[in-house]
Each structure stands twice: as structure tokens, then as C-alpha cells.
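Each remark here refers to the structure printed beneath this line.
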Amino acid sequence: MRREFAACVVTGCVMLLQGCGAQPAPQFFNAERHEITLDGIRFVVFDRGGDAEVIRMGYLTLRERDRVPPLMRRAAEATTGCKVTSPSSGPLRSPSLPGDTGEARFRLECGA
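So for the sequence shown, this note's numbering puts the first residue at -15; every next one is plus one.
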């Protein structure tokens, strides 16, 4: 009985962890998802057409984070084919603190 319970707990934990990963903010639900690796850092980009949310995956030390903000911008441009014009504003503005290297949102200029 204990062995069966332990097996169920382990199976449940594995299933829960499989569901972990980058999830978009509610404003980016139904956005197109892209994954890209730049300079050895993995990013997930949610493309909403005129705005993008970029999430850095994995752990980085404080020293390693300095190079992330320009990479986030590059990730948005490379995956969407659009040019980043500014950080997103209004209801799509990032709630993160300035300098956060885990999540960023950008306004995009696409086409023409």
C-alpha cells in the first residue's frame, strides 16, 4: 500500500513538473509562441502581433544577467520578424521592476 502511494506521488510530481515552463501573461494568451537561444541563453517569446512578451529561461548569476536586456530585444525581433520600437505601455506594460532580466514586453513595428 505504501509503495503504491509513493508511486502515485512521484507520478503526480512528474506530471506537474512537465507542465512547468514559460506561460504568457493573461494579456498574451492566444499569442504565437516562439523559442530561441541566443548566446547560450534560452528565451520564449509570445508574439501578439504588435507586442511581444519575452521570458528568459533558466538560472543566471547576477554577473551573467548584464548581457540579457539587449538579447531579449534581439529575441523579440528575431522570432517575430518585426522591429522593437519601445517597451510596451498601457495595459500591456510589464509589471516587472526596471532592469528585470526575467521578463520584458516590447512594442513592435511589423511590415512595410
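All C-beta atoms, glycine included, are put in the ideal place defined by N, C-alpha and C.
Just so it is clear, the structure is predicted and the values come from calculations on it, not from any experiment.
Cβ-based burial, residue i [other Cβ within 10 Å; buried from 16]
{"i": "T45", "result": "exposed"}
{"i": "R40", "result": "buried"}
{"i": "C94", "result": "exposed"}
{"i": "T69", "result": "exposed"}
{"i": "T21", "result": "exposed"}
{"i": "S72", "result": "buried"}
CB-CB length for residue i against residue j, believed under 8 Å
{"i": "E37", "j": "A59", "result": "Actually they are not in contact, since the Cβ atoms of E37 and A59 sit about 11 Å apart, beyond 8 Å."}
C-beta atoms of residue i and residue j nearer than 7 Å
{"i": "R32", "j": "F12", "result": "yes"}
{"i": "R89", "j": "S78", "result": "yes"}
{"i": "S27", "j": "R17", "result": "Correcting the residue identity first, residue 27 is Phe in this sequence and not Ser. No, the pair does not count as a contact, with Cβ atoms beyond the cut-off."}
{"i": "R47", "j": "T85", "result": "no"}
Same chain only: Cβ atoms within 8 Å of residue i, ignoring 5 sequence neighbours per side
{"i": "D23", "result": "R51, L55"}
{"i": "T64", "result": "H18, V29, D31, A36, L92, C94"}
{"i": "G42", "result": "I25, R26"}
Chain B within 7 Å of residue i, Cβ atoms only
{"i": "F90", "result": "Absence of chain B from the displayed structure is noted, only one protein chain being present."}
7 Å Cβ shell around residue i - same chain, five flanking residues per side excluded
{"i": "L76", "result": "Q11, D35, R89"}
{"i": "E61", "result": "K67, V68"}
Inset, instruction - Just list the beta strand (DSSP E) runs in the segment 21 to 63, keeping only unbroken ones of 3 residues or longer that don't cross its boundaries, in chain order. - result: 25 to 31, 35 to 40
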